[in-house]
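First up is the structure itself, then whatever we jot down about it.
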Amino acid sequence: MKTLQTLAPNGATLSGTAGQGICTPKKWMLLRAVEEAREPLGVKSTTLNVLRAMISFMSGDQISADQDDHHICFASNVAIAKRTHVSVQTVERHISALVELGLIRRVMSANGKRWARRNRQGRVVTATGLSLMPLSERHSEFIQEAQRHADRVLEFTVLRDKVSAALARLRELVADDTAISDLMATVRNALRRKPEANVLGELLAEISVEISQIKQADTENLRANDHENEGHKEDSLNPIVKKEKYSQIQVSPDQMERSFPRLCSELRLARDQSHCDRLMDDIAEYLRFGQTWYAMKSTYGPALRFMVLGYIFQRAENIKSHQAYLISLISKIDRGDMQPTALLAHGSKIRGSAGHTHDISSRS
Numbered sequence: 522m523k524t525l526q527t528l529a530p531n532g533a534t535l536s537g538t539a540g541q542g543i544c545t546p547k548k549w550m551l552l553r554a555v556e557e558a559r560e561p562l563g564v565k566s567t568t569l570n571v572l573r574a575m576i577s578f579m580s581g582d583q584i585s586a587d588q589d590d591h592h593i594c595f596a597s598n599v600a601i602a603k604r605t606h607v608s609v610q611t612v613e614r615h616i617s618a619l620v621e622l623g624l625i626r627r628v629m630s631a632n633g634k635r636w637a638r639r640n641r642q643g644r645v646v647t648a649t650g651l652s653l654m655p656l657s658e659r660h661s662e663f664i665q666e667a668q669r670h671a672d673r674v675l676e677f678t679v680l681r682d683k684v685s686a687a688l689a690r691l692r693e694l695v696a697d698d699t700a701i702s703d704l705m706a707t708v709r710n711a712l713r714r715k716p717e718a719n720v721l722g723e724l725l726a727e728i729s730v731e732i733s734q735i736k737q738a739d740t741e742n743l744r745a746n747d748h749e750n751e752g753h754k755e756d757s758l759n760p761i762v763k764k765e766k767y768s769q770i771q772v773s774p775d776q777m778e779r780s781f782p783r784l785c786s787e788l789r790l791a792r793d794q795s796h797c798d799r800l801m802d803d804i805a806e807y808l809r810f811g812q813t814w815y816a817m818k819s820t821y822g823p824a825l826r827f828m829v830l831g832y833i834f835q836r837a838e839n840i841k842s843h844q845a846y847l848i849s850l851i852s853k854i855d856r857g858d859m860q861p862t863a864l865l866a867h868g869s870k871i872r873g874s875a876g877h878t879h880d881i882s883s884r885s
């Protein structure tokens, strides 16, 4: 019967037999899903070590219900303790935690012992002990929980970066730091203690109000002297207007090719916009942009993101810190010191000095 191989959502190879319609991840991939979801599940590191030892006692590569020794661990607590280098009492405590979390089930005999019965060929025909079937049954649930947790961590990290950047911007605008000393102290203390997302959101809103009030006062001072400049300043005060303005920027394929041939070469084989975005994320990761890139994606439209990435990538060898350069570049654009379309002109000037390409796919 023909063996099938499939790719799981988390990259695991699933194996099964044609006609059965069931593919089971290998046992270590099941453990990996639990490890990645350990924080939201509330699993401690020692508990994971005990679970890892139990899996190591299982025969075969998969956990399945077709044979008892493929899902029941009948090793004694003493054996598990030796393999995890902890006491027997510690093993008992963490086994109880695994049962309570629904990661394993007890399949015990009348006397509460774990044992296995074998036939003449040495094959286990029946056993009692600790069943690991919940790892297989809840595998997709663990993957989804790990992904949700990763999304929350990324969202929190981006929010922290926004608060930190906003505080730095406020300090630039305020002539005397003592006027905002209480706010600065509150923000710094919050960033040290890993606060809740709603606390960071409130601090970001408070900083934004302070910045808006300062900029509004500056705008009113300029209004009497320069009405033409007024509209530009008011747009820069409004994040929604700024986001809409950046999203409306368009660049023709010819302009892209002339100014940023290196980036265009990397993206030439993109199948669609989603694939193109993933390739750009890979290049940003190669340049070590960090969370600054993902924070920028929430404000800048695709054309402006392309220009910023293409501009830095085109001259990557001449830049010492790509992330610091990115922060400086977007700060100039946000302040109005540099028009986004100026990146096209600068990009074409440096084309000759950085015309060769890199294989990003080999690094991602």
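So for the sequence shown, this note's numbering puts the first residue at 522; every next one is plus one. Yeah, the Cβ is synthetic: ideal placement off N, Cα and C, and Gly gets one too.
How big is the Cα-Cα spacing for residue i and residue j?
| i | j | result |
| --- | --- | --- |
| MET550 | SER661 | 11 Å |
| SER580 | MET629 | 19 Å |
| VAL684 | THR678 | 10 Å |
| VAL762 | GLU666 | Low confidence applies to VAL762: its pLDDT is 45, below 50, so where it sits in the model is not reliable enough to give any reading. |
| GLY650 | ARG639 | 15 Å |
| LEU800 | ARG669 | 23 Å |
| PHE663 | PHE595 | 25 Å |
| ALA689 | ARG681 | 12 Å |
| LEU562 | GLU838 | 44 Å |
| GLN794 | MET859 | 27 Å |
| ALA791 | PHE810 | 21 Å |
| ALA718 | SER597 | 44 Å |
| SER566 | ARG553 | 13 Å |
| CYS797 | PRO774 | 14 Å |
| PRO861 | ALA726 | 27 Å |
| GLN610 | VAL620 | 16 Å |
| VAL555 | GLN776 | 48 Å |
| GLU778 | SER786 | 9 Å |
| THR647 | LYS603 | 25 Å |
| ARG872 | PRO716 | Any answer about ARG872 is weak, because its pLDDT of 47 lies below 50 and its placement is not dependable; what the coordinates show is given next. Taking the straight line joining both Cα atoms gives about 45 Å. |
| GLU806 | ARG627 | 45 Å |
| PHE578 | TRP814 | 45 Å |
Does the Cβ-Cβ distance between residue i and residue j come in under 7 Å?
| i | j | result |
| --- | --- | --- |
| TYR890 | ILE833 | Nothing in the structure corresponds to residue 890, since the chain is present only between 522 and 885. |
| PHE781 | GLY831 | yes |
| ILE601 | VAL612 | yes |
| ILE584 | SER652 | no |
| MET828 | LEU788 | no |
| ALA687 | ILE728 | yes |
| LYS547 | ASP587 | no |
| ARG783 | GLN835 | yes |
| THR568 | ALA618 | yes |
| GLN817 | ILE851 | According to the sequence as given, residue 817 is Met; it is not Gln. Against a cut-off of 7 Å, the Cβ pair of ILE851 and MET817 comes out as a contact. |
Apart from the five residues on each side of it in sequence, which residues of its chain come closer than 7 Å, Cβ to Cβ, to residue i?
| i | result |
| --- | --- |
| LYS764 | In this prediction, LYS764 has a pLDDT of 48, which is less than 50 and means its spatial position is unreliable; nothing more can be read from the coordinates. |
| ILE701 | LEU691, VAL695 and GLU731 |
| PRO530 | Here PRO530 scores only 43 on pLDDT, less than 50, and its place in the model should not be relied on; the value that follows carries that caveat. Hits under 7 Å: ILE664. |
Once the 5 residues before and after residue i are set aside, which same chain residues still bring their CB inside 6 Å of it?
| i | result |
| --- | --- |
| THR605 | ASN570, VAL571 and ALA574 |
| LEU808 | HIS843 |
| LEU721 | LEU680 and VAL684 |
| PRO760 | With a pLDDT of 48 at PRO760, under the threshold of 50, the predicted position of this residue should be treated as unreliable, and no value is reported. |
| VAL607 | none |
| HIS591 | GLY581 and SER585 |
Would you give the residue range spanned by the alpha helix (DSSP H) that residue i belongs to?
| i | result |
| --- | --- |
| SER783 | Looking at the sequence itself, residue 783 is Arg, so the reference to Ser does not match. ARG783 -> alpha helix (DSSP H) spans 782 to 788. |
| ARG799 | 794 to 807 |
| ARG627 | First-last for ARG627: 626 to 628, but that is the beta strand (DSSP E), not the alpha helix (DSSP H). |
| SER844 | Per the sequence presented here, residue 844 reads as Gln, with Ser not at that position. From DSSP, the alpha helix (DSSP H) with GLN844 extends over 843 to 856. |
| THR707 | 702 to 713 |
| GLN668 | 660 to 694 |
| LEU653 | Per DSSP, LEU653 belongs to no alpha helix (DSSP H) and is neither H nor E. |
| LEU622 | Element bounds for LEU622: n/a, residue is neither H nor E. |
| TYR815 | 812 to 818 |
| GLN835 | 823 to 835 |
Return the chain-ordered list of same chain residues with a C-beta closer than 8 Å to the C-beta of residue i, the five sequence neighbours on each side being excluded.
| i | result |
| --- | --- |
| ILE840 | ILE833 and TYR846 |
| GLY623 | PRO655 and ARG659 |
| LYS634 | THR649 |
**Inside the stretch 539 to 616 only - beta strand (DSSP E) runs reaching at least 3 residues** = none
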